[in-house]
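Note that the protein sequences, when read in sequence, are chains B and P.
The first sequence begins at 1194 in the working numbering and counts up by one.
The second sequence begins at 517 in the working numbering and counts up by one.
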Amino acid sequence: MALAESPQPLLQVRDLKVHFPLRGAHKDATVKAVDGISFDVPAGRTVAIVGESGCGKSTTAYAVLGLEKPTSGQVLFDGRDITHLRGRDRQALASEMQIVFQDPSAALDPKMTIGDSVAEPLAIAGRPRQERRRRVAELLDRVGLSQTFAARLPNALSGGQRQRVVIARALALSPRLLVLDEPVSALDVSIRSQILNLLLELQRDLGLTYLFISHDLSVVRHIADDALVLYLGTIAERGPVDALFEAPRHPYTQALLSAIPLPDPARQRRRERIVLKGELPSALDPPVGCPFIGRCPISIDRCARVRPPLVPCPTGTEAACHVRAPADGGVVGL
Amino acid sequence: MNAAEPVLAMRDVAIEIGGARVVDGVSITASAGRIVALVGESGCGKSLTALSILRLLPKAARFTGGTVELGGRVLSAMSEEQLAGVRGDEVAIIFQEPIASLNPLMRAGEQVEEALRLHRGLGSAEARREAIAMMTRVGISDAERRAEQYPFELSGGMCQRIMIAAALICRPKLLIADEPTTALDVTIQAQILDLMRDLRQSAGTAILVITHDMGVVADLADDVCIMYGGRIVESGPVDAIFEEPRHPYTKLLLATIPKLDGPRKVDLKTIAGVVPAAGTWPDGCRFRNRCPLADEACATVPPLVEVGPDHDTACWHSTRVAELA
Ligand SMILES: Nc1ncnc2c1ncn2[C@@H]1O[C@H](COP(=O)(O)OP(=O)(O)OP(=O)(O)O)[C@@H](O)[C@H]1O
Ligand SMILES: Nc1ncnc2c1ncn2[C@@H]1O[C@H](COP(=O)(O)OP(=O)(O)OP(=O)(O)O)[C@@H](O)[C@H]1O
Ligand code: SF4
Ligand SMILES: [Mg+2]
Ligand SMILES: [Mg+2]
Chain B
1194 MALAESPQPL LQVRDLKVHF PLRGAHKDAT VKAVDGISFD VPAGRTVAIV GESGCGKSTT
1254 AYAVLGLEKP TSGQVLFDGR DITHLRGRDR QALASEMQIV FQDPSAALDP KMTIGDSVAE
1314 PLAIAGRPRQ ERRRRVAELL DRVGLSQTFA ARLPNALSGG QRQRVVIARA LALSPRLLVL
1374 DEPVSALDVS IRSQILNLLL ELQRDLGLTY LFISHDLSVV RHIADDALVL YLGTIAERGP
1434 VDALFEAPRH PYTQALLSAI PLPDPARQRR RERIVLKGEL PSALDPPVGC PFIGRCPISI
1494 DRCARVRPPL VPCPTGTEAA CHVRAPADGG VVGL
Chain P
517 MNAAEPVLAM RDVAIEIGGA RVVDGVSITA SAGRIVALVG ESGCGKSLTA LSILRLLPKA
577 ARFTGGTVEL GGRVLSAMSE EQLAGVRGDE VAIIFQEPIA SLNPLMRAGE QVEEALRLHR
637 GLGSAEARRE AIAMMTRVGI SDAERRAEQY PFELSGGMCQ RIMIAAALIC RPKLLIADEP
697 TTALDVTIQA QILDLMRDLR QSAGTAILVI THDMGVVADL ADDVCIMYGG RIVESGPVDA
757 IFEEPRHPYT KLLLATIPKL DGPRKVDLKT IAGVVPAAGT WPDGCRFRNR CPLADEACAT
817 VPPLVEVGPD HDTACWHSTR VAELA
């Protein structure tokens, strides 16, 4: 009998860095958009990337998809190094991974019928017309749109319907991994839950794997298994969603969670909020030590000098904080 | 201004665009020191309602009925000149699109100071000092340097905060804030919401805040008006609205939001159908083609009726809303 081994994650990201050199006035400067992050996405699960504007969520996703060139590090899909795949080899990966962007209106060609848009990846892959037509019918059905939509143009659809079309198109080649970059942020509140339900249903039925990007922590908690909290291109904390939301260890995660207003006035009045000072520093000139130091309420001397590594905490997450997750296991400072 | 008089009283305001009544009989009252939230989905008429207060409606829109009063004075009857004296001084407005509403040719600091110089006659050194202080309070670090920059040199979130600083600096009697924090990160949003609470406390400002975020409503508002298809469908004190909503739309809207302490990965409640475009609403109750309680009665427009202390709803079946668990 074969030894039980944990199956290989579908996606592995190893010490990924994406730096943008700047020209012009800031000669020699680099924007460290993603600065050394590692994570796994197991098959059939949802891993979320959360964090504030500019922290590197989209850049991470683009590097995974080969839309942005990593400065260093590795991206493995199914164990195979795809970091530097380009051209035809990258094209072949379209049947394995697809992306859904935030704004469904920008993602659809206004002059193309819905049917043609959904069939586009099939046409590029050289599938015969007959098969394309059948598949489009299947896909529209799958995302809860009636067949009559196939002949319409995008402007005749609501935002939520357009996002269904974009999802149908992403599913056309039966990919295993969907990268979802803020898929519900542009949608009306009453439509958001329809799309979240659809994503959950597709995952249950098709065994899809999601890399789910969002700044909305309530949505992330609802849909994801694991989450990474990014701050200035680095992981501040990561772990299973339960542990992360119930027992966050990193002061940034704690502040972020405490800042989400709950849709419950009575509880909201009783809540203690951790107010952060200052704002997200620029990725142009990140601090040497802990990226969070400028806003951290509990920093110690060491934080200014040494970048904290991700260290497992007894509460189930891994945090990058000298105070809350000291590398030697002892308690520093306090 | 008479203390007993509400700061803002809108009565039966109607606005038409191309023959469609996109705002249909809206009444909103805000007293000194109260925060009223106007909530609803995209296109339901929130911004037009707010813009009509200072007569800033877009060309396509016509104010076709109703009155707007500010401390007992009828704004809708004022001359342009009189109104100009009110804008930016007694009434400040934070627009939904910060980039579009800042002057691209003016440095950020000057825009924050403007109201002080215009309405308060402050000298430039003093105005600058106050502007820098206010910019710092809205969470802009390095405010002195930022004050010298032009809008195009600043991020969207930064422009938003410049506009907020410009609006708050005169400590207005009425602040109209259209989605003031939607473009901002939650940690910055928390700072801005604190600042608005502070303003109402210290200056007794009445605040009309427009948002679609029920978390912000719960955090900030005293009273809530829920809008659907150009009409107020429910209004009341914040606790009543969240604990005992009496309109099906309010009830369902609250139920669709994933909760931070709710079960994970289960199907969320949904509202059937799509948000209708302006002018394509059904006759009678405009929610009826999406409403699970709708029947023949709903083909007639339901009036706003009192269902609790200061709590009104416009639904023929408001007693059955609790069934929609
Ligand atoms: N092509 C580029 N050249 C220079 N800087 C870039 C480029 N693309 C992104 N950046 C910078 O990299 C950082 C990370 O950007 P990214 O788009 O990944 O953030 P994000 O987390 O997706 O933010 P948002 O929530 O606003 O979408 C930002 O500081 C951004 O300005
Ligand atoms: N300048 C304009 N020309 C034509 N129609 C307009 C104009 N401004 C608004 N409308 C229409 O009037 C209706 C109400 O618009 P309004 O801007 O008040 O909505 P809103 O509730 O503020 O929505 P959002 O949440 O998207 O800001 C919408 O259907 C909109 O399409
Ligand atoms: S009036 Fe009728 S359609 Fe409108 S909300 Fe009430 S039950 Fe629903
Ligand atoms: Mg992004
Ligand atoms: Mg608006």
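We put the CB at the ideal spot given by N, CA and C, even for glycine.
Label F1438/B either buried or exposed according to how many other C-beta atoms from any shown protein chain fall within 10 Å of its C-beta, with 16 as the threshold for buried.
-> The sequence position of residue 1438/B within the first sequence is 245, counting from 1. Buried, because 16 or more other Cβ atoms sit within 10 Å of the Cβ of F1438/B.
Using three-state DSSP, classify V590/P as helix, strand or coil.
-> Taking the first residue of the second sequence as 1, we reach residue 590/P at position 74. Looking at V590/P - three-state DSSP - the assignment turns out to be strand.
For E1375/B, count neighbouring Cβ atoms within 10 angstroms of its own Cβ and tell me buried if that reaches 16, exposed if not.
-> Sequence index remark: in the first sequence, residue 1375/B carries index 182 (1-based). By the neighbour-count rule (16 or more Cβ atoms within 10 Å), E1375/B is buried.
8 angstroms Cβ shell around V590/P - same chain, five flanking residues per side excluded = As a working note, residue 590/P is residue 74 in the second sequence. The residues are T583, V584.
Do A722/P and R550/P have their C-beta atoms within less than 7 angstroms of each other?
-> Looking up residue 722/P in the second sequence gives position 206. Looking up residue 550/P in the second sequence gives position 34. The answer is yes: Cβ separation under 7 angstroms.
Mind checking if H728/P is an interface residue toward chain D, Cβ cutoff 7 angstroms exclusive?
-> No chain D appears in this structure, whose protein chains are B and P.
Assumed close pair G1353/B, I1388/B - CB separation to whole angstroms, cut-off 8 angstroms | On the first sequence, residue 1353/B is found 160 positions in, with the first residue counted as 1. On the first sequence, residue 1388/B is found 195 positions in, with the first residue counted as 1. With a Cβ gap of about 6 angstroms, G1353/B and I1388/B count as contacting.
If you pair each beta-carbon of the stretch 1245-1262 of chain B with each one of the stretch 1369-1383 of chain B, do three or more pairs fall below 8 angstroms?
-> yes
Can you tell me the Cα-Cα spacing of E750/P and V607/P, whole angstroms?
-> Locating residue 750/P in the second sequence gives position 234, counting from the first residue. Locating residue 607/P in the second sequence gives position 91, counting from the first residue. Going by the C-alpha atoms only, they are around 26 angstroms apart.
Buried or exposed: Q705/P, going by 16 or more other Cβ atoms within 10 Å of its Cβ?
-> Taking the second sequence and counting its residues from 1, one reaches residue 705/P at position 189. Buried.
Own chain residues within Cβ distance below 6 angstroms of F1294/B, not counting five before or after | For this step, residue 1294/B is matched to residue 101 along the first sequence. Cβ within range, chain order: A1300, D1374.
Short CB-CB distance (under 7 angstroms) between L1437/B and chain P | To locate residue 1437/B, count along the first sequence from 1; it is residue 244. By this cut-off, L1437/B is not an interface position.
Skipping 5 residues on each side, what residues in its chain have a beta carbon closer than 6 angstroms to that of A1512/B?
-> Start at 1 with the first residue of the first sequence, and residue 1512/B comes out as number 319. Answer for A1512/B: E1430, R1442, H1443, C1506, A1518, listed in chain order.
Cutoff 7 angstroms: D755/P Cβ touching any chain B Cβ | In the second sequence, residue 755/P corresponds to position 239, counting from 1. Yes, D755/P lies at the interface with chain B (some Cβ there is under 7 angstroms from its Cβ).
Check whether the Cβ of P574/P lies closer than 6 angstroms to any heavy atom of ligand 2, and answer yes or no.
-> Here the question's residue 574/P lines up with position 58 in the second sequence. Yes, since a heavy atom of ligand 2 falls inside the 6 angstroms radius drawn around the Cβ of P574/P.
Any C-beta of chain P under 7 angstroms from that of A1452/B = Taking the first sequence and counting its residues from 1, one reaches residue 1452/B at position 259. Cβ-Cβ to chain P under 7 angstroms: yes for A1452/B.
Can you name, in chain order, every residue of its own chain whose Cβ lies under 6 angstroms from the Cβ of T766/P, other than the five neighbours on each side?
-> Within the second sequence, numbered from 1, the residue matching residue 766/P stands at position 250. The answer, listed in chain order, is I742, E750.
Does the count of Cβ pairs from the stretch 655-664 of chain P and the stretch 595-606 of chain P closer than 8 angstroms reach three?
-> no
Check whether the Cβ of V1224/B lies closer than 6 angstroms to any heavy atom of ligand 1, and answer yes or no.
-> The count along the first sequence starts at 1 and reaches residue 1224/B at position 31. Within the cutoff, so yes.
Could you check where the alpha helix (DSSP H) with L784/P kicks off and where it finishes?
-> The residue given as residue 784/P occupies position 268 in the second sequence. No alpha helix (DSSP H) contains L784/P, which DSSP labels as neither H nor E.
Could you name the residues of the same chain whose beta carbon sits closer than 6 angstroms to that of L1196/B, not counting the 5 residues immediately before and after it, in chain order?
-> Working through the first sequence from its first residue, we reach residue 1196/B at position 3. Summary for L1196/B: the model assigns pLDDT 49, below 50, so the residue's position carries little reliability; its value from the coordinates is reported in the next sentence. No residues qualify anywhere along the chain.
Every unbroken beta strand (DSSP E) within the stretch 666-741 of chain P, with a cutoff of 3 residues, ordered by chain | 690-694, 722-727
What are the residues of the stretch 553-571 of chain P that lie near chain B, defined by any Cβ-Cβ distance shorter than 8 angstroms?
-> E557, S558
For E629/P, count neighbouring C-beta atoms within 10 Å of its own C-beta (all shown protein chains included) and say buried if the count is 16 or more, exposed if not.
-> As a working mapping, residue 629/P is identified with position 113 in the second sequence. Buried.
Name, going along the chain, the residues of the stretch 653-664 of chain P whose beta-carbon falls closer than 7 angstroms to a beta-carbon of chain B.
-> G655, S657
If you draw a straight line from the C-alpha of L1215/B to the C-alpha of Y666/P, how long is it?
-> In the first sequence, counting from the first residue as 1, residue 1215/B sits at position 22. In the second sequence, counting from the first residue as 1, residue 666/P sits at position 150. L1215/B and Y666/P: Cα-Cα distance of roughly 21 angstroms.
Using the beta-carbon of each residue, which ones in chain B are nearer than 9 angstroms to D783/P?
-> Numbered from 1 along the second sequence, position 267 holds the residue referred to as residue 783/P. Near D783/P (Cβ distances below 9 angstroms), the residues of chain B are S1386, L1389, N1390, L1393, E1394.
Among P761/P, E521/P, D540/P, which residue has its Cα nearest to the Cα of D528/P?
-> Position 12 of the second sequence, counted from the first residue, corresponds to residue 528/P. Residue D540/P is the option with its Cα nearest to D528/P.
How would you list, in chain order, the residues of chain B whose beta-carbon sits under 8 angstroms from the beta-carbon of D701/P?
-> Translated into positions along the second sequence, residue 701/P becomes position 185. Chain B residues near D701/P: E1245, S1246, H1408, L1473.
Beta-carbon proximity list for M1194/B, same chain, < 8 angstroms, skipping 5 on both sides = On the first sequence, residue 1194/B is found 1 positions in, with the first residue counted as 1. Unreliable placement is indicated for M1194/B, whose pLDDT of 42 sits below 50; the coordinate value is still reported in the next sentence. Cβ neighbours of M1194/B beyond the five flanking positions: none.
For the alpha helix (DSSP H) holding H635/P, just list the boundary residues, first then last.
-> Against the second sequence, residue 635/P aligns to sequence position 119. From DSSP, the alpha helix (DSSP H) with H635/P extends over 624-636.
Below 7 angstroms CB to CB, which residues in the same chain sit around L1380/B once its five sequence neighbours on both sides are set aside?
-> The sequence position of residue 1380/B within the first sequence is 187, counting from 1. Closer than 7 angstroms at the Cβ level, and outside the excluded window around L1380/B, lie G1352, G1353, Q1356, I1388.
Determine the direct distance from the alpha carbon of I1453/B to that of A1420/B, and round the result to whole angstroms.
-> On the first sequence, position 227 is the one that residue 1420/B refers to. On the first sequence, position 260 is the one that residue 1453/B refers to. In a straight line, the C-alpha of A1420/B is about 17 angstroms away from that of I1453/B.
Can the beta-carbon of A1520/B be found less than 7 angstroms from the beta-carbon of P1502/B?
-> Counting from 1 along the first sequence, the entry for residue 1520/B is found at position 327. Counting from 1 along the first sequence, the entry for residue 1502/B is found at position 309. Cβ distance < 7 angstroms, so A1520/B and P1502/B count as in contact.
Can you tell me the Cα-Cα spacing of A838/P and D739/P, whole angstroms?
-> By 1-based counting over the second sequence, the position of residue 838/P is 322. By 1-based counting over the second sequence, the position of residue 739/P is 223. Looking at the two C-alpha atoms, the distance is approximately 21 angstroms.
Beta carbon of G1432/B nearer than 7 angstroms to that of T1510/B = On the first sequence, residue 1432/B is found 239 positions in, with the first residue counted as 1. On the first sequence, residue 1510/B is found 317 positions in, with the first residue counted as 1. Closer than 7 angstroms, so yes.
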